[in-house]
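As structure tokens, the structure follows; a few thoughts come after it.
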Amino acid sequence: MNIAELLPELLKGILHFTWGNAIMITVALVLIYLAVYKEMEPVLLLPIGFGCLLANIPLAGMTAAEGMMAVLYKAGIATELFPLLIFVGVGAMIDFSPLLAQPKMALLGAAGQFGIFGTLILAIAIGFPLNEAASIGVIGAIDGPTSIFVATKLAPELLAPIAVAAYSYMSLIPIIQPPLMKLLTTKKERLIRMEYAPKPISQKTLALFPIVLTLVVGLLVPEATPLISMLMLGNLLKVSGVVDRLSKTAQNEMINIATLFLGLTIGATMSAESFLNLATIQILGLGLLAFVLDTVAGLLFGKLM
2 MNIAELLPEL
12 LKGILHFTWG
22 NAIMITVALV
32 LIYLAVYKEM
42 EPVLLLPIGF
52 GCLLANIPLA
62 GMTAAEGMMA
72 VLYKAGIATE
82 LFPLLIFVGV
92 GAMIDFSPLL
102 AQPKMALLGA
112 AGQFGIFGTL
122 ILAIAIGFPL
132 NEAASIGVIG
142 AIDGPTSIFV
152 ATKLAPELLA
162 PIAVAAYSYM
172 SLIPIIQPPL
182 MKLLTTKKER
192 LIRMEYAPKP
202 ISQKTLALFP
212 IVLTLVVGLL
222 VPEATPLISM
232 LMLGNLLKVS
242 GVVDRLSKTA
252 QNEMINIATL
262 FLGLTIGATM
272 SAESFLNLAT
282 IQILGLGLLA
292 FVLDTVAGLL
302 FGKLM
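Take the sequence shown: its position 291, counting from 1, is numbered 292 in the numbering used here, and each next residue is one higher.
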């Protein structure tokens, strides 16, 4: 092979590099910077940023049909495995005792989901089909794995911008919410000291709760069974008190590994071709609106309570 044939081979990566790749690599570096230096959702934004970096290196093959990221996507995202494993870990960390002691607080949590429906309606109004609008609206759940799970089922083509919006705004909650809190509450209300006198909840009740909730949700809303059942499985591991090893594994090793692969895989879907479009900008705007509506509805309902 002479130099005339060798040079294009050596430079093929550069020759295939586009302005879109440059923009997305900049986005990747911003996500990594926010994760490392600002500590904004580093557990997710760091692998998402690195996955995005890999997706925009021309001819690297990481996101090709048989590449590592494609294999992870098929195994963990298309099958919904990674979000469900994360929910097992989350369930193992949750203490439902305060909710069981004060069931009326569930109403406050429900009011905080108003952003889902408000954003859904607006997304439909600006032209998104129902399946995509529903996926965008679920950003208002303020829960990354839930947003990813729903987007995977209803609008996989929007998975990357929805995931980035959900986790980015979750990390920005300390910036988004305080101005709204000051606007909608008086100084006297903000100075109210809420006393919490926990009521004792029996071990039997704590163990029955995840089982009963799984059955009720499974029978009433079968489509929600995967998420709820895995969340409740994790909680049952914790409250049963007989499988501490499994509970600790779910809380640590399992959720960490699933989160790493989830972040890398989502980042790898952020190619310039799929991410740089008007829909992405609209999703980011609607995601912010969902967080604002959640906060406003929760504050107003809290004032009523």
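Cβ coordinates follow ideal geometry from the N, Cα and C atoms, glycine included.
All of these numbers come straight from a predicted model, not from anything done at the bench.
State yes or no: is the C-beta of residue 101 within less than 8 Å of the C-beta of residue 215?
No.
Inter-stretch contact (C-beta, 8 Å, three-pair minimum) for the segment 70-77 and the segment 264-281
These segments touch.
Given 8 Å as the limit, is there contact between the segment 53-61 and the segment 19-36, that is, 3 or more CB pairs closer than that?
Yes, since at least three Cβ pairs between the segment 53-61 and the segment 19-36 fall closer than 8 Å, the two stretches touch.
Assess, as a yes-or-no matter, whether the segment 138-156 is touched by the segment 286-296 under the definition of 3 or more beta carbon pairs within less than 8 Å.
yes
Beta-carbon proximity of residue 141 to residue 178, cut-off 8 Å
no
Can you check which of these residues, 304, 25, 284, is closest to residue 162 by C-alpha distance?
284
In chain order, what residues of the same chain have a beta carbon less than 8 Å from the beta carbon of residue 153, not counting five sequence neighbours either side?
78, 79, 81, 84, 160
Near residue 121, what residues of its chain come up, given a Cβ to Cβ distance below 7 Å and the 5 sequence neighbours on each side ignored?
Contacts found: 134, 135, 138.
At a cut of 8 Å, does the segment 167-185 reach the segment 34-42 through at least three beta carbon pairs?
Taking a cut-off of 8 Å on C-beta distances, the segment 167-185 touches the segment 34-42, as three or more cross pairs fall below it.
Suppose the cutoff is 6 Å on Cβ atoms and the five residues either side in sequence are ignored; what does the same chain contact list for residue 219 look like?
226
If you check the beta carbons only, do residue 235 and residue 251 fall under 8 Å apart?
yes
Spatial neighbours of residue 181 within its chain, please: C-beta separation below 8 Å, excluding the five flanking residues on both sides.
293, 296, 297, 300
What ranges does the alpha helix (DSSP H) occupy inside the segment 218-261, keeping only unbroken runs of at least 4 residues that lie completely in it?
226-241, 245-250
I need the DSSP call for residue 136, collapsed to helix, strand or coil.
helix
Quick check: the Cα distance between residue 97 and residue 244, rounded to an integer number of angstroms?
18 Å
Per-residue DSSP class, three states only, for residue 34
helix
If I'm right that residue 273 touches residue 25 with Cβ under 8 Å, what's the distance once you round it to whole angstroms?
5 Å
Go ahead and pull the three-state DSSP assignment for residue 295.
helix
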